[in-house]
Amino acid sequence: MISKFLEIFSINFNNALRRNSIICFLTIALTIINPLDAGVHLQGEQVPCDIKLVFGTDERGASLISYNLEMQIYNQHRRAVRGVSVHWLNTRAEIIGNSSAKCGHEDNGIKPTEFGSCTQTVQKISERLLERLGQDTWTEIINSEMHNFSEVRSCKIIGYNYGETSVRIY
């Protein structure tokens, strides 16, 4: 009788030990893997981006040259992404600049599980500068900046902006 009890107790004890070992292993594995998985899409994501030269006019009708950062992102978060902070990277993945960018149409953000664009004007050169410096110097500045910005090949997202852009009044 005692031997039968010890045999049943041993089987139950071994099953409980095995079950507890599996639960312990899964808990440790999820604790280690979850932060690594979150880091893949929370920060450090590298996305294609570039800085484009855009010709326009200001509110007075004067010529204006803008350099606009543009990128597409996929929102893997549970909240709308309204903006990102990025490092600009060259072909060797070296940081050559940084900025923020607003995301979504009219700053509404990019909803969870959707793709959307993020843009930011990183520099403007007005016609007033042309008047002060002259055509040759102005053109040289435009071409120099265009060359510098053409080195940007990708952007590394280092932070996200969530939430409302304005306070709601009820």
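One rule links them: number in the working numbering = place in the sequence shown (from 1) + 498.
We put the beta carbon where it would ideally sit given N, CA and C, even for glycine.
Which whole-angstrom value describes the C-beta separation of R651 and L587, a residue pair presumed to lie in contact below a C-beta threshold of 8 Å?
-> Here residue 651 corresponds to residue number 153 of the sequence shown, with the count starting at 1. Here residue 587 corresponds to residue number 89 of the sequence shown, with the count starting at 1. 6 Å between Cβ atoms; contact.
Quick one: give me the first and last residue of the alpha helix (DSSP H) that S642 is part of.
-> The sequence position of residue 642 within the sequence shown is 144, counting from 1. For S642, the enclosing alpha helix (DSSP H) begins and ends at Q633 to F647.
Can the beta-carbon of N573 be found less than 9 Å from the beta-carbon of G614?
-> Position 75 of the sequence shown, counted from the start, is the residue given in the question as residue 573. Position 116 of the sequence shown, counted from the start, is the residue given in the question as residue 614. Taking C-beta atoms as the reference points, N573 and G614 count as a pair closer than 9 Å.
Write down the C-beta distance between I571 and V545 rounded to the nearest angstrom, noting that I regard them as a contact closer than 8 Å.
-> Along the sequence shown, one-based indexing puts residue 571 at 73. Along the sequence shown, one-based indexing puts residue 545 at 47. In this structure I571 is in contact with V545, their Cβ atoms being roughly 6 Å apart against a cut-off of 8 Å.
By DSSP, does H575 sit in helix, in strand, or in coil?
-> Within the sequence shown, residue 575 is the residue found at index 77, counting from 1. In the three-state reduction of the DSSP assignment, H575 falls in the coil class, being assigned neither a helical nor a strand state.
Tell me P610's beta-bridge partners as DSSP assigns them.
-> Indexing the sequence shown from 1 puts residue 610 at position 112. Answer is none; P610 lacks a bridge partner.
Check the DSSP bridge columns for N596 and list the partner residues they point to.
-> Here residue 596 refers to the residue found at position 98 when the sequence shown is read from its first residue. DSSP lists H585 as partners of N596.
Under the DSSP definition of a beta bridge, which residues are partnered with V552?
-> On the sequence shown, position 54 is the one that residue 552 refers to. Answer is S564, bridged to V552.
Looking only at its own chain, which residues have a Cβ that is under 6 Å from the Cβ of K609, when we skip the five neighbours before and after it?
-> Numbered from 1 along the sequence shown, position 111 holds the residue referred to as residue 609. Spatial neighbours of K609 in its own chain (CB-CB distance under 6 Å, excluding positions within 5 residues in sequence) are listed in chain order as A578.
Please go through the same chain and pick out, in chain order, the residues whose beta-carbon is closer than 6 Å to the beta-carbon of E602, but skip the five residues on each side of it.
-> Your numbering for residue 602 matches position 104 in the sequence shown. Position check: residue 602 holds Gly in this sequence, whereas Glu was assumed. Counting only Cβ-Cβ distances below 6 Å, and skipping sequence neighbours, we find I608 and G614.
Should I623 and E649 be called a contact, given that it needs their Cβ atoms to be closer than 9 Å?
-> If you number the sequence shown from 1, residue 623 lands on position 125. If you number the sequence shown from 1, residue 649 lands on position 151. Not closer than 9 Å, so no.
Would a C-beta distance cut-off of 9 Å place V620 and N566 closer than the cut-off?
-> The count along the sequence shown starts at 1 and reaches residue 620 at position 122. The count along the sequence shown starts at 1 and reaches residue 566 at position 68. Yes, these two residues count as a Cβ contact at 9 Å.
Considering only C-alpha positions, which residue in the set I563, G554, S564 and E568 is nearest to C653?
-> Taking the sequence shown and counting its residues from 1, the one referred to as residue 653 is at position 155. Per the Cα distances, E568.
What is the rounded straight-line gap between the Cα of R576 and the Cα of G595?
-> The residue labelled residue 576 in the question sits at position 78 within the sequence shown. The residue labelled residue 595 in the question sits at position 97 within the sequence shown. The alpha-carbon atoms of R576 and G595 are separated by roughly 29 Å.
Separation of I655 from Q618, as counted between CA atoms | Residue numbering aside, residue 618 sits at position 120 when the sequence shown is read from its first letter. Residue numbering aside, residue 655 sits at position 157 when the sequence shown is read from its first letter. Take the alpha-carbon of Q618 and the one of I655: they are about 14 Å apart.
V545 bridges to which residues according to DSSP?
-> Your numbering for residue 545 matches position 47 in the sequence shown. V545 is bridged to C653.
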